[in-house]
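Number of protein chains: 2
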Amino acid sequence: MSLWQNIADTLRAEIARGLWRPGHRLPPEAALAARFGVNRHTLRHATRALADEGLLYSRRGAGVFVAAQPVEYRLGERVRFHRNIELAGRVPGRSIDSVATRACDAAEAKALNIAPGDPVHAVDGVATVDHRPVALFRSVFNARLLPDLPGALAGQGSITRALAACGIADFIRARTLIKAAVADESQAVRLQIEPGGPLIRSESIDVSDGRPIERGIVWWASERVTLALDHGD
Amino acid sequence: MSLWQNIADTLRAEIARGLWRPGHRLPPEAALAARFGVNRHTLRHATRALADEGLLYSRRGAGVFVAAQPVEYRLGERVRFHRNIELAGRVPGRSIDSVATRACDAAEAKALNIAPGDPVHAVDGVATVDHRPVALFRSVFNARLLPDLPGALAGQGSITRALAACGIADFIRARTLIKAAVADESQAVRLQIEPGGPLIRSESIDVSDGRPIERGIVWWASERVTLALDHGD
């Protein structure tokens, strides 16, 4: 095994043992290079490999930090936020910042298979895991199919339960599109991450009885979440 | 419909008609605001909505640009790069920068279900669509199962064909993990994007006869590719 791989394995084991905790800064490059008796180039090779794995991340000018163990969030036809997070042994939460009923734009119309200008309920908020923000979401619902959703959301903690109260007993996810984005100032503040940090952007369509009912866009803080697909399932 | 939605719809239609082409800069904010007779705040609401849809992107200090229509890349158990891109009506390509046989690190060992230090072939390169780079890839293969892969790769343009030449007639994708990342200088140069731009990072395991043969990490330029999941399939 090469020198940098040995260093990466040592640091990986130390992180696994809890010697370096999530959010903590590693010692400066020069100090680590001296500890392992290598030059900075070799050391950087090791820390870059660990960053590639998601164990470390660097903040420009501030150093290299240990990433929190991300939640593995499984995507699939029957994805539900609360159940997914609970299955991972973590505590799910959602807070809704605003519910607005308004005319939809062209992209929303296309996703929901309605006409531009038709009414939608737009729900914006933050999803949490273990009481820390992990994602911003914007869900847009066909308001003609779900006239009472805003009232139901006020009474229920969960979108799934609010939909059930509106007569949508079941729904499935038809499609998910995935891109990446870079957090702007406002997203960074709400997610408690650094501006310019990486976000996974997922866009999904939920369908009930063959009709699209919800188009959801979620901006996930990549340092806290990994989306997982088990293709055989 | 609100004012900003009307502006967004107008710009969206103009982009669809080809009036603003991929890579071109929109007129300055003040000029666009004047054209629509709105203030900059309203205009920015519209351009931000189009950026959220992936139609526009901004470069700090340089303005707002029209994004190229991204390739939709479908993930699934039977994903193959060449076939996937061809099905989208585009021209696939791959160039291999290096093939190295070396000891694997702990993360590679875990993914391939072998021991740390066991030999792997590491293949690094660039994937292209329509002769433009869309992704960097690093594929690591179990070298004990595929001793002749480096030779086969030299003779074949495609990894799928090289695997076939090594006796792997078929393989399936078992799992994909998705994160986001921010392009560093070297990734940006190779992908011909701006440093700090968003990357989708996918990590997948390919399996043949129940044994993991390949762990692939791909860094996709998000402005050029959207990963798509059709959950019902």
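In order, the protein sequences belong to chains A and B.
Its first residue numbered 1, the first sequence is counted upward by one per residue in full-length UniProt numbering.
Its first residue numbered 1, the second sequence is counted upward by one per residue in full-length UniProt numbering.
Just so it is clear, CB atoms sit at the ideal spot from N, CA and C, and this is done for glycine as well.
Please read these numbers as outputs of a predicted model, since none were measured by experiment.
| Asked | Found |
| --- | --- |
| So residue 161/B is in the alpha helix (DSSP H); what residue range does that whole segment cover? | 159-165 |
| Which residues in the same chain as residue 95/B place their Cβ atom closer than 6 Å to its Cβ, once the five residues preceding and following it in sequence are excluded? | 125, 126 |
| If I'm right that residue 91/A touches residue 129/A with Cβ under 8 Å, what's the distance once you round it to whole angstroms? | 7 Å |
| For residue 217/A, I'd like the list of residues in its chain whose CB is within less than 6 Å of its CB, leaving aside the five on either flank, ordered along the chain. | 138, 203 |
| Would you call the stretch 23-35 of chain A in contact with the stretch 183-200 of chain A, where contact means no fewer than 3 C-beta pairs closer than 8 Å? | no |
| Under DSSP, the alpha helix (DSSP H) around residue 29/A begins and ends at which residues? | 29-36 |
| Please classify residue 151/B: does DSSP put it in a helix, a strand, or coil? | helix |
| Could you please give the first and the last residue of the uninterrupted beta strand (DSSP E) stretch that includes residue 103/B? | 92-103 |
| Along chain B, which residues have their Cβ under 7 Å away from the Cβ of residue 54/A? | 179 |
| Spell out a yes or no on whether the stretch 218-233 of chain A and the stretch 25-36 of chain B are touching, meaning 3 or more CB-CB pairs, one atom from each, closer than 8 Å. | no |
| For residue 230/A, does the three-state DSSP call read helix, strand or coil? | strand |
| What three-state label does DSSP hand residue 194/A in the structure shown? | coil |
| For residue 193/A versus residue 223/A, is the C-beta distance shorter than 8 Å? | yes |
| Specify, as a first and last residue, the run of the alpha helix (DSSP H) that residue 143/B falls within. | No alpha helix (DSSP H) contains residue 143/B, which DSSP labels as neither H nor E. |
| Given that residue 11/A touches chain B, what residues does it touch there, using C-beta distances under 8 Å? | The premise fails here: residue 11/A is roughly 11 Å from chain B at the closest Cβ pair, so nothing lies under 8 Å. |
| Mark residue 154/B as exposed unless 16 or more other C-beta atoms lie within 10 angstroms of its C-beta, in which case mark it buried. | exposed |
| Determine, for residue 122/A, whether the minimum Cβ-Cβ distance to residues of chain B falls below 8 Å. | no |
| Which chain B residues sit within Cβ distance under 7 Å of residue 167/A? | Residues of chain B passing the Cβ test: none, with the nearest at roughly 23 Å. |
| Take residue 59/A and list the residues in its own chain whose beta-carbon comes closer than 8 Å to its own, dropping the five residues that flank it on each side. | 65, 194 |
| What separation, rounded to the nearest whole angstrom, lies between the Cα atoms of residue 100/B and residue 122/B? | 5 Å |
| Contact defined as beta carbons within less than 8 Å: I believe residue 82/A pairs with residue 173/B. What is the distance between those atoms, to the nearest angstrom? | Going by Cβ atoms, the distance from residue 82/A to residue 173/B rounds to 28 Å, so no, they are not a contact pair. |
| Apart from the five residues on each side of it in sequence, which residues of its chain come closer than 8 Å, Cβ to Cβ, to residue 71/A? | 85, 88, 90, 129, 134, 224, 225, 226 |
| Taking a Cβ distance cut-off of 8 Å, strictly less, list which residues of the stretch 110-121 of chain A are near chain B, in chain order. | 116, 117 |
| For a contact defined as C-beta to C-beta under 7 Å, what are the partners of residue 200/B on chain A? | 178, 179, 180 |
| Beta carbons nearer than 9 Å to chain B: which residues of the stretch 73-86 of chain A have them? | 75, 76, 77, 78, 79 |
| Output yes if chain A places a C-beta closer than 8 Å to the C-beta of residue 226/B; else output no. | yes |
| Quick one: which residues of the stretch 146-158 of chain A get their C-beta closer than 7 Å to a C-beta of chain B? List them in chain order. | none |
| Can you give the Cα-Cα distance for residue 15/A and residue 19/B, rounded to whole angstroms? | 53 Å |
| Output yes if chain B places a C-beta closer than 8 Å to the C-beta of residue 105/A; else output no. | yes |
| Would you give the residue range spanned by the beta strand (DSSP E) that residue 224/B belongs to? | Element bounds for residue 224/B: n/a, residue is neither H nor E. |
| Just verifying my parser: in three-state terms, what is the DSSP assignment at residue 131/B? | coil |
| Just tell me which of 55/A, 38/A, 5/A has its CA closest to the CA of residue 17/A. | 55/A |
| Is the beta carbon of residue 73/A sitting closer than 8 Å to the one on residue 228/A? | yes |
| Use the C-beta contact count for residue 5/B: other C-beta atoms within 10 angstroms, 16 or more gives buried, fewer gives exposed. | buried |
| Considering only their Cβ atoms, is the gap separating residue 144/B from residue 170/B smaller than 8 Å? | no |
| Measure from the C-beta of residue 90/A to each C-beta in chain B and report whether the shortest distance is under 8 Å. | no |
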